[in-house]
């Protein structure tokens with residue numbers, strides 16, 4: 001079985017500051033890991049994903065995440081926050097070659113001017 | 001492509017009424033998923049289909065919920081009778097067969113259901 005824990009339900013950052021969203025996973029098999037973003041009144045959009053290979057994954061809008069097997073983590077970062085980054089972010093995990101994503105509870109990001 | 005299309009965007013109904021949510025997946029996608037999002041439980045997978053066949057409905061909360069996919073371009077999620085605790089945002093998503101390795105899950109904009 002797979003599960004995801006997102007640390008912190010709300011994160012507030014200043015514009016231009018580092019964004020760091022934490023995600024830890026539990027999986028009985030090597031996982032596939034994902035970050036999705038949800039803007040108000042919209043569906044989820046994929047930011048990035050890790051399946052195999054390079055552990056540092058770059059996604060859209062300047063986000064990246066690093067898979068650390070020893071720490072069972074997949075934290076999401078962005079060096080410089082923009083006002084448009086205000087949204088809810090979800091970490092998700094699935095077994096390899098499976099179609100069932102398990103989502104974390106989500107982290108809401110607010111960006112202060 | 002117009003993306004995954006869900007209707008209605010908002011539904012307000014009274015307890016005991018039947019509710020039908022609709023989804024049109026992206027053309028060519030052969031996997032379709034129904035998710036429910038609530039504050040208390042987050043995003044939960046209810047059921048998913050492959051080539052119009054339900055593969056896993058273990059997330060369907062109870063017999064009041066049913067889902068169908070009569071063809072590759074249409075799916076419904078029905079709640080009968082509805083209860084206030086069913087109030088949530090229901091998302092439909094679709095993906096192609098290579099989802100696990102190369103592709104991604106495309107979500108619709110959701111249906112906000114309020115059961116009074």
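Residue numbers (this note's numbering), protein chains in the order written: chain A, 1 to 113; chain R, 1 to 116. Idealized CB from N, CA, C, for every residue including glycine.
Measure the CB-CB distance between residue 22 of chain R and residue 91 of chain R and report whether it falls below 9 Å. Not in contact: residue 22 of chain R and residue 91 of chain R (Cβ atoms no closer than 9 Å).
Residue 83 of chain R burial status per 10 Å Cβ neighbour count (16 or more: buried): exposed
Could you give the distance in angstroms between the alpha-carbon of residue 42 of chain R and the alpha-carbon of residue 38 of chain A? 13 Å
Measuring straight from C-alpha to C-alpha, what distance separates residue 102 of chain R and residue 50 of chain R? Residue confidence is low: residue 102 of chain R scores 47 on pLDDT, short of 50, so the model does not pin down where it sits. Its coordinate-derived value is still stated next. One C-alpha to the other measures close to 17 Å.
Report yes if the CB atom of residue 105 of chain A is closer than 9 Å to the CB atom of residue 9 of chain A, and no otherwise. yes
Who are the neighbours of residue 108 of chain R on chain A, taking C-beta pairs under 9 Å? 43
Candidates R:18, R:40 and R:55: closest to residue 33 of chain R by CA position: R:55
Using 8 Å as the cut-off, can you tell me whether the stretch 24–32 of chain R makes contact with the stretch 45–62 of chain A, which would need three or more C-beta pairs spanning the two stretches below that distance? no
For the beta strand (DSSP E) containing residue 162 of chain A, list its first residue and its last residue. With chain A represented from 1 up to 113, any question about residue 162 of chain A goes unanswered, as that position is not in the structure.
The stretch 51–68 of chain A: positions lying closer than 8 Å to chain R by Cβ: 51
Leaving aside the five residues before and after residue 46 of chain R along the sequence, list all residues of the same chain whose C-beta is less than 6 Å from its C-beta, in chain order. 34, 36, 59 and 60
Looking at the strands, I want to know which residues DSSP matches up with residue 107 of chain A. A:89
Find the residues of chain R that neighbour residue 74 of chain A, judging by a C-beta separation of less than 9 Å, and give them in chain order. Within 9 Å Cβ-Cβ: nothing; residue 74 of chain A doesn't reach chain R, min ~16 Å.
Does any residue of chain A bring its CB to less than 9 Å from the CB of residue 12 of chain R? no
Look up residue 84 of chain A in the DSSP assignment and say whether it is helix, strand or coil. If DSSP states are grouped into helix, strand and coil, residue 84 of chain A belongs with the helices.
Proximity test, Cβ basis, 9 Å: residue 42 of chain R and chain A: yes
Using the DSSP secondary-structure output, state which residues sit across from residue 44 of chain R in a beta bridge. R:36
Just to confirm before moving on: does the CB-CB distance between residue 113 of chain R and residue 89 of chain R stay below 9 Å? yes
Residues of chain A with CB closer than 8 Å to the CB of residue 91 of chain R, please, in chain order. 43 and 44
If you draw a straight line from the C-alpha of residue 107 of chain R to the C-alpha of residue 66 of chain R, how long is it? 20 Å
Close beta carbons around residue 38 of chain R, own chain, < 6 Å, minus the five adjacent residues each side: 88
Using 9 Å as the threshold, is the C-beta distance between residue 110 of chain R and residue 41 of chain A below it? yes
Any chain R beta carbon closer than 9 Å to residue 106 of chain A: yes
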